[in-house]
Amino acid sequence: MTANDPLSDAVSGIDNAESVGHLTHTVEPASNMVGSVLEVFYDRGYIDGFEFVDDGKAGKFEVELKGAINECGPVNPRYSVAADGYEKWEKRYLPARDYGALVVTTSHGIMSHYEAREKGIGGQVIAYVY
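Numbering (my numbering), first residue to last: 321 to 450.
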């Protein structure tokens, strides 16, 4: 079976693994976008770490979970947001102000909405975590 949206499969798989209490989760296939989203999750303190494993095909990520994720998910369709418009999407996807993070893809790479707001750049909302 092929995946239509690897990012959606990765984020929902992490959410499911966290909800049942697993300590690790394997995300396959690996991609640069999934790796960047995992980097944002790590920087914000939601996962303990992740490692790329080359399996001779597309590769996979071994993610170390720490039980800090209440919910995470993809944002489909991917909405465009201006540099000063993050509050609208915070209200829609996050439970409270300054609780959780939106993952945004920008012209400067994938980052949390806190970094994008600080740099004054807009982009597209692709995922959320809290």
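The beta-carbon is built from N, C-alpha and C at its ideal position, and this holds for glycine as well.
In this text, all values refer to a predicted model and were calculated from it rather than measured experimentally.
Roughly how many angstroms lie between the CA atoms of residue i and residue j, to the nearest whole one?
i: Ala350; j: Leu385; result: 17 Å
i: Asp325; j: Leu414; result: 22 Å
i: Leu343; j: Asn352; result: 23 Å
i: Ala378; j: Asp418; result: 36 Å
i: Arg437; j: Thr426; result: 11 Å
i: Ile334; j: His345; result: 7 Å
i: Tyr362; j: Gln444; result: 20 Å
i: Gly442; j: Ala403; result: 4 Å
State the DSSP-derived secondary structure class of residue i, mapped to helix, strand or coil.
i: Pro397; result: strand
i: Ala337; result: helix
i: Glu410; result: helix
i: His345; result: strand
i: Tyr362; result: helix
If you measure between the beta carbons of residue i and residue j, is that distance less than 8 Å?
i: Ser339; j: Pro394; result: no
i: Cys392; j: Val449; result: yes
i: Val357; j: Ala421; result: no
For residue i, which residues does DSSP report across the bridge?
i: Tyr419; result: Ala416
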